[in-house]
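To keep things clear, I will list the structure first and then write my remarks on it.
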Amino acid sequence: MTRKNYVRPLDIKHGRVDMGHGAGGRAAAQLIEELFVSALDNPYLRQGDDGASFPIPAGGRMVMATDGHVVSPLFFPGGDLGALSVHGTINDVAMMGATPLYLAANFILEEGFALADLKRIVDSMAKASREAGVPVITGDTKVVERGKGDGVFIGTTGVGVVPLGVDISGRNARAGDVILLSGTIGDHGVAVLSQRESLEFETTIESDSAALHTLVATMLAAAPGGVRVLRDPTRGGLATTLNEITAQSGVGMQLEEASIPVRAQVDAACELLGLDPLYVANEGKLIAICSPDSAPAVLAAMQQHPLGAQAAIIGTVTEDEHHFVQMNTRFGGRRVVDWLSGEQLPRIC
Amino acid sequence: MKYIDEFRDGATAQKIADRIAAEVQPGKRYSFMEFCGGHTHAISRYGISGMVSEQVNMVHGPGCPVCVLPIGRIDLAIRLALESGVIVCTYGDTMRVPASDGLSLIKAKARGGDIRMVYSATDALTIAQQNPEREVVFFAIGFETTTPPTALAILEAQRMELQNFSVLCSHVLTPSAITHILESPEVRQYGTVPLDGFIGPAHVSIVIGSRPYEGFARDYRKPVVIAGFEPLDVMQAILMLVRQVNSGRHEVENEFTRAVTRDGNLQAQAMVSKVFELRTSFEWRGLGEVPYSALKIRPAYATFDAERRFDLTYKPVPDNKACECGAILRGVKKPTDCKIFGTVCTPENPVGSCMVSNEGACAAHYAYGRFKDIAVVVQPATAAN
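Protein chains in written order, with the working numbering: chain C, 14 to 362; chain Z, 174 to 558.
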């Protein structure tokens, strides 16, 4: 018996956008599939990856990816909206196996937003772009009336080229493949939460916000043709990203909880708030799915790179018509690791 | 992690599981109800039911405060936000509970209601201070665990002479709900729900102590073990219940000695009794009207009582006919007995309250345990390039 991951279709007639549609979980996936993909349908959009890879007349393939960046608060330990908007889009391009070349940025500013804060954000964006070697070559600015925005929103678009012989997509996972994770999960989400109004708590955890394209290049060079899927587990966290891949590839997954790296402080903060680190956002981590024979070389390459020093093998791709992500718990039991439903909300007691 | 990892140790878990397997009597079934949603969550998240003997059957009880919140109470909060222009503050879990007209607090927010998720009752007080021109209502829900903070918020509001703060009080009481289940026809007359014992709620007992359970352990001859929410706590509690059943005892035992005492937190109890009094009856979702099972604000604090301040009249609303939440909350049915489980009713579109919070029986089973209902190939296939 196969059940769709969500059953009731979107209620276009009466429904409204709610916060769950932006949380990167199953509700967001449903909105994208039933509304955006349905209306704008074309083969590139239907690939369902974080970017689209397309042929160019001169031969070869390019990738284009776009992302809207909204975060509250705008400044958080280890990062800010500016750097995030550069890293996020570079990573979307890199997760297609492409070398990112250029960025475009558009700013939606709210009337009354302090120019000093805007300068901090733009300076941080410039620094991130310089460090990554991916310049912002065009942009746009709009201002909306006070109350119609949240200070500043940044949309960035990135383009890159796919090296010959590279074919990375969420559709490529096969039973028997090995699942690798580049480092600890939940750092970004916890760093942002620690600064959120009415929830401030002391932590030394910093966002892991980082551009991952050099890590990707190292991995691809270590095992040509061996890496099949790359994805950065941002909103919705590791759990939701793995569920996206199982749905795209028509497979299942078996994880080992004990192999998934989580910082003790992140674990403690999640414990306190009743959250599960598997669903907490990351901005500088990636998941790689590799053929079994290439996994050792890819893992070794990741661990040699500063952004993959804590990389680990966390599980295996399985045959499963229900596309379940399952996990052997550290405790000794077994559970499903499901999609995030709506927003992850703190439990009341 | 210190103080956490010790209670999640797999090797110790296996030892307890082996102990349970050794002590269950041949051919005997043991049915235990975990009353608290925290236990339901732990059992599902750590896969505990797959680790203990098959002779032990865990029945999910009505211990998720979100699950037992009746539709009519949420409707009151939604009406305050949409019709009276009030800022409604509430805990996160409450936001997604289905109410009338296809609404929930999160959907009412998308329709323009000023509804804010808070992490504590004090946050609602702060919002009231920051918005002196607006009425702010804290939609207070939960068992004895969340009641003292609400009482404190009301006392603080009085001290600060806040004119724009009130509480829509929907606090409920644990012991009366357990008694109600034991008095239900299914358990008492028909015996369709064999219950051999209860895992009692730890956080609630930190406040009220273990003493309130002594009466019904004695009167109904059902053992109770108060247990913490870590997986080892739950497994230890199961072992303690098996031992009580085997020896024919029906006592209140305390597994959670690191925080629970017989008398509980007397200071918190005094504050609660200063601000609240018993309601003669209160509707629970799935259980119906339960006598003396909830609290209301005492007349001395009437100015902070949203029901009086806005002249609210409670109107009961029946659950969706296809929904089996009521029977599931009473332990009569399992989530998979419900025809709409996992098809029409999913975490994205919960029809019933048990599918809302991840402490609800249906949501916990859907999110963590549904692989058990369907044969799934989990062994990796032959490697392919």
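C-beta: ideal position from N, C-alpha, C; glycine also.
Check whether chain Z comes within 9 Å of residue i, counting only Cβ atoms and requiring the distance to be less than that.
i                           : result
phenylalanine 88 of chain C : no
serine 354 of chain C       : yes
arginine 29 of chain C      : yes
arginine 21 of chain C      : yes
alanine 40 of chain C       : yes
methionine 109 of chain C   : no
glycine 33 of chain C       : yes
glutamine 323 of chain C    : no
glutamine 316 of chain C    : no
aspartate 63 of chain C     : no
glutamine 208 of chain C    : no
glutamine 60 of chain C     : no
glutamine 261 of chain C    : no
aspartate 80 of chain C     : no
aspartate 24 of chain C     : yes
Is there a C-beta anywhere in chain C that falls below 9 Å from the one on residue i?
i                        : result
aspartate 287 of chain Z : no
threonine 519 of chain Z : yes
lysine 280 of chain Z    : yes
arginine 218 of chain Z  : yes
arginine 181 of chain Z  : yes
arginine 307 of chain Z  : no
glutamine 187 of chain Z : yes
glycine 275 of chain Z   : yes
cysteine 527 of chain Z  : no
alanine 495 of chain Z   : no
alanine 536 of chain Z   : yes
alanine 190 of chain Z   : yes
Between the alpha carbons of residue i and residue j, how many angstroms are there, rounded?
i                            : j                         : result
serine 85 of chain C         : glutamate 332 of chain C  : 40 Å
serine 204 of chain Z        : aspartate 510 of chain Z  : 18 Å
glutamate 270 of chain C     : isoleucine 244 of chain Z : 38 Å
arginine 391 of chain Z      : arginine 422 of chain Z   : 10 Å
phenylalanine 214 of chain C : glutamate 456 of chain Z  : 37 Å
isoleucine 69 of chain C     : isoleucine 216 of chain Z : 54 Å
alanine 308 of chain C       : glycine 183 of chain C    : 17 Å
arginine 347 of chain C      : glutamine 339 of chain C  : 7 Å
tyrosine 163 of chain Z      : isoleucine 279 of chain Z : In the structure as shown, chain Z starts at 174 and stops at 558, and residue 163 of chain Z therefore has no counterpart that could be examined.
glycine 263 of chain C       : alanine 42 of chain C     : 16 Å
alanine 554 of chain Z       : arginine 39 of chain C    : Legend: pLDDT at alanine 554 of chain Z = 35, less than 50; position of this residue unreliable, value from coordinates given subsequently. Computed Cα separation, rounded: 27 Å.
alanine 294 of chain Z       : valine 106 of chain C     : 44 Å
isoleucine 251 of chain Z    : asparagine 295 of chain C : 34 Å
alanine 64 of chain C        : histidine 34 of chain C   : With the sequence shown as reference, residue 64 of chain C is identified as glycine, and alanine is not the correct amino acid for it. One C-alpha to the other measures close to 20 Å.
alanine 190 of chain Z       : proline 348 of chain Z    : 29 Å
alanine 281 of chain Z       : leucine 502 of chain Z    : 26 Å
alanine 1 of chain C         : threonine 154 of chain C  : Any answer about residue 1 of chain C is impossible in this case: the structure gives chain C only from 14 up to 362.
Under 7 Å Cβ-Cβ, which residues of chain C neighbour residue i?
i                         : result
methionine 224 of chain Z : Gly345, Gly346
proline 404 of chain Z    : Phe344
isoleucine 117 of chain Z : The structure shown does not extend to residue 117 of chain Z, since chain Z is modelled only from 174 through 558, so no value can be given for it.
alanine 283 of chain Z    : Arg29, Val30, Asp31
Within a Cβ cutoff of 6 Å, which residues of the same chain sit near residue i, ignoring the five residues on either side of it in sequence?
i                        : result
aspartate 293 of chain C : In the sequence as displayed, the identity of residue 293 of chain C is valine instead of aspartate. The answer, listed in chain order, is Gly199, Gly202, Gly250.
cysteine 496 of chain Z  : Val524, Gly525
valine 445 of chain Z    : Thr320, Pro321, Ala324
glutamate 532 of chain Z : Gly210, Thr213, His214, Cys237
histidine 233 of chain Z : Thr213, Ala534
histidine 376 of chain Z : Thr318
valine 490 of chain Z    : Ile244, Gly245, Ser273
Who are the neighbours of residue i on chain C, taking C-beta pairs under 9 Å?
i                      : result
glycine 499 of chain Z : Simply none; closest approach about 22 Å.
So, at 7 Å on beta carbons, what are the nonlocal neighbours of residue i in its own chain, with the 5 sequence-adjacent residues on each side left out?
i                       : result
glycine 258 of chain Z  : none
alanine 186 of chain Z  : Met224, Pro404, Leu405, Met408
proline 290 of chain C  : Ile198, Gly199, Val275, Val279, Asp280, Cys283
glycine 103 of chain C  : Strictly speaking, residue 103 of chain C in this sequence is isoleucine, with glycine absent from that position. Closer than 7 Å at Cβ, skipping near neighbours: Pro113, Ala145, Val147, Gly171, Ala224, His226.
valine 50 of chain C    : Leu58, Arg59
arginine 218 of chain Z : Tyr541
What in chain Z is Cβ-close to residue i, meaning under 9 Å?
i                        : result
aspartate 351 of chain C : Pro520, Tyr539, Ala540, Tyr541, Arg543
arginine 184 of chain C  : The premise fails here: arginine 184 of chain C is roughly 15 Å from chain Z at the closest Cβ pair, so nothing lies under 9 Å.
Identify, in the order they occur along the chain, each residue of the same chain with its Cβ nearer than 8 Å to the Cβ of residue i, setting aside the five sequence neighbours on each side.
i                         : result
isoleucine 300 of chain C : Ile192, Leu193, Leu194, Ser195, Val242, Leu243, Arg244, Asp245, Pro246, Leu251, Thr254, Leu255, Ile258
methionine 138 of chain C : Gly95, Ala96, Ser98, Val99, Ala118, Val149, Ile167
Next on the checklist: At 4 residues or longer, what runs of the alpha helix (DSSP H) sit wholly inside the stretch 174–205 of chain C?
Outcome noted: none
Next on the checklist: As an exercise, report each continuous alpha helix (DSSP H) stretch of at least 4 residues that is fully enclosed by the stretch 343–424 of chain Z, in chain order.
Outcome noted: 347–356, 358–361, 375–381, 387–392, 404–419
Item to check | Completely contained alpha helix (DSSP H) runs for the stretch 317–344 of chain Z, where each covers 4 or more residues | outcome: 320–332
Item to check | Contained alpha helix (DSSP H) runs [length at least 4] in the stretch 428–458 of chain Z, N- to C-terminal order | outcome: 439–448
Checklist entry - Where are the alpha helix (DSSP H) runs, 4 residues long or more, that stay fully inside the stretch 248–278 of chain C, in chain order? => result 250–262
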